[in-house]
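Visitor: Protein chains in written order, with my numbering: chain A, 1494 to 1729; chain B, 1494 to 1729. The beta carbon of each residue, even a glycine, is placed where N, CA and C say it ideally should be.
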DNA sequence: TGATCTTTTGTACGATAGTACAAATCACAT
DNA sequence: ATGTGATTTGTACTATCGTACAAAAGATCA
């Protein structure tokens, strides 16, 4: 039960536990939860299948631990960046800073490993798509607070936009963010090699630029459900 | 091999085959490919597991047939709407019409079944997230043509924006579209019940409005990699 | 060194997966 | 009515799944 570290606790010995977590993260993020077996994970980590059971009890427990490992640092980082962003005076610049505070940790943060942020975000995207129950619970109770904080901050910098629109647009932001991490090769393919979808810096700049513009779009007139403009004449 | 329809071919008899396809579509779209067993599908369709093998040979074959069923009508619809959109004179209106031509069929196509378009699009989103091989092949060879056509059309209505940016932004569009279909409840939750994420008309209007603005954002200055504005001072 | 706790290994078990296949059943032209 | 091809059913096979558990190996400290 109790762990007795001989040396300073911050310098962890190269654990098998860590290797399993890393391997599971990678495999889940690229293939989904059910497509990956415990044996696959153990093999990728150079471990014995029974070792996974020993450390995490069940496959769900392994996924749960991956979330636990990443959620706190990522949301902390986001809070810091958000707090800094809210101090920006100029409203336009502030909006961009807020969006950046939301996007950047998703691509690059991560507690220990560099690039772990992107991998974990991709994992969340895949779990979300699969409707994974374990992930659903964690997300609802861990990420909604952060999301609300960002939505409120954005709403404050865009007072003339109804909150509903802000929610929709930040939802689109998360969808675009997820999809960029899920299939970065699609960008390279469709741009005929001119753009590198796998370059985080590139993706971040593009995403921030596009999203800020989306947030700044005029408010949707919800009071007029029949808001058909001349455009809509083409039988939609 | 040869089917002998007694009555007019358009009025299909209520096939078990159709029921299996519909059930599989629904289950795959909500739970992913590997989480759903052939027995689950058969049970949901009121069929015998062996019947699935008879009609589609393998589980992959079933997924393949779902794609075959939907791809042609949806892309046809998109082509029609795109052609109509390209005839719109005003550039701003034309851009909106093009985006709408891309978005609307994803939510509503599939002339046969109601809501079939949204279901199939959600399925594509989930398969994309899972990195499904069958889906990957079909998408690359079927959807890339359509995507290129839309990208070109959008690029024509936004001549001052580099094609690379257009590719990124349409990628974001697809990601937002997918995510809206994957977790519509999140919108309802984050808006505290003020918005209904499950209402297609609502989602479409919000998505079109936001996306048009994103496309119209100023071009990204790619020649200046160190484009750090004052905003970036907040340690990103 | 030897005792004790932690971790890893190897193996096994029941459940369920995808799929094959023969028998039963249905649809329908003659 | 009956024979024939299309479909549905029932069952079975093998592979692999998640997980349990005892034994081996490694680490830690009196």
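#1: Of all Cβ atoms in chain B, is any one closer than 9 Å to the Cβ of residue 1438 (chain A)?
#2: Please identify, using Cβ separations under 9 Å, the residues of the stretch 1634–1657 of chain A that lie next to chain B, in order along the chain.
#3: If you draw a straight line from the alpha carbon of residue 1608 (chain A) to that of residue 1576 (chain B), how long is it in whole angstroms?
#4: Using only the alpha-carbon positions, how far apart do residue 1551 (chain A) and residue 1535 (chain A) sit?
#5: Starting from the beta carbon of residue 1682 (chain A), find every residue of chain B whose beta carbon is closer than 8 Å, and list them in chain order.
#6: Quick one: which residues of the stretch 1542–1574 of chain B get their C-beta closer than 9 Å to a C-beta of chain A? List them in chain order.
#7: Measure the C-alpha to C-alpha separation of residue 1556 (chain A) and residue 1566 (chain A) and round it to an integer number of angstroms.
#8: Which two residues bound the contiguous alpha helix (DSSP H) that contains residue 1687 (chain A)?
#9: Starting from the beta carbon of residue 1679 (chain B), find every residue of chain A whose beta carbon is closer than 7 Å, and list them in chain order.
#10: Beta carbon of residue 1679 (chain B), beta carbon of residue 1664 (chain A): below 9 Å?
#11: Near residue 1656 (chain B), what residues of its chain come up, given a Cβ to Cβ distance below 6 Å and the 5 sequence neighbours on each side ignored?
#12: Tell me where the alpha helix (DSSP H) around residue 1526 (chain A) begins and ends.
#13: Under a three-way DSSP split, which group does residue 1748 (chain B) fall into?
#14: Along the chain, where does the alpha helix (DSSP H) that runs through residue 1703 (chain A) open and close?
#15: Counting only C-beta atoms, is residue 1527 (chain B) closer than 9 Å to chain A at any point?
#16: Where does residue 1677 (chain B) sit, in a helix, a strand or coil, going by DSSP?
#17: Return helix, strand or coil for residue 1616 (chain B), following the three-state DSSP convention.
#18: Go ahead and label residue 1623 (chain B) buried or exposed: buried means 16 or more other beta carbons lie within 10 angstroms of its beta carbon, across all protein chains shown.
#19: Hey, out of B:1695, B:1568, B:1675, B:1627, whose CA is closest to residue 1643 (chain B)'s CA?
#20: Whole angstroms are fine: how far does the CA of residue 1527 (chain B) sit from the CA of residue 1514 (chain A)?
#21: Return no unless some Cβ of chain A is closer than 9 Å to the Cβ of residue 1704 (chain B).
#22: Please check if any C-beta of chain B sits within less than 9 Å of the C-beta of residue 1668 (chain A).
#23: Taking the beta carbon of residue 1694 (chain B) as the centre, do at least 16 other beta carbons fall within 10 Å, making it buried, or is it exposed?
Guide: According to the structure shown:
#1: Because chain A spans 1494 through 1729 in this model, residue 1438 (chain A) falls outside it and cannot be assessed.
#2: Within the stretch 1634–1657 of chain A, the qualifying residues are 1637, 1640, 1641, 1644, 1655, 1656, 1657.
#3: Confidence is the limiting factor: at residue 1608 (chain A) the pLDDT is only 49, short of 50, which leaves the residue's position unreliable, though a coordinate-based value still follows. Answer to the nearest angstrom: the Cα atoms are 43 Å apart.
#4: Their backbone Cα atoms lie some 13 Å apart in a straight line.
#5: Residues of chain B passing the Cβ test: 1633, 1637.
#6: So the list reads 1573, 1574, given in the order they occur along the chain.
#7: Cα to Cα, residue 1556 (chain A) sits roughly 17 Å from residue 1566 (chain A).
#8: Note, residue 1687 (chain A): premise wrong, no alpha helix (DSSP H); not H, not E.
#9: Within chain A, the residues 1664 have their CB atoms less than 7 Å from the CB of residue 1679 (chain B), given in chain order.
#10: Contact: yes.
#11: Its chain contains 1648 as the residues whose beta carbon lies nearer than 6 Å to that of residue 1656 (chain B), once the 5 sequence neighbours on both sides are disregarded; these appear in chain order.
#12: The continuous stretches of alpha helix (DSSP H) do not include residue 1526 (chain A), and DSSP gives it neither H nor E.
#13: Here chain B covers residues 1494 to 1729 and nothing more, so residue 1748 (chain B) does not appear.
#14: That run of the alpha helix (DSSP H) goes 1693–1708.
#15: Yes - at least one Cβ of chain A is within 9 Å of the one on residue 1527 (chain B).
#16: Looking at residue 1677 (chain B) - three-state DSSP - the assignment turns out to be helix.
#17: Helix at residue 1616 (chain B).
#18: Residue 1623 (chain B) is buried by the Cβ-count criterion.
#19: Check the Cα spacing between residue 1643 (chain B) and each of B:1695, B:1568, B:1675, B:1627: the tightest is with B:1568.
#20: Approximately 22 Å, taken between the alpha carbons.
#21: So yes, residue 1704 (chain B) belongs to the interface.
#22: Chain B contact via Cβ: present.
#23: Exposed is the call here.
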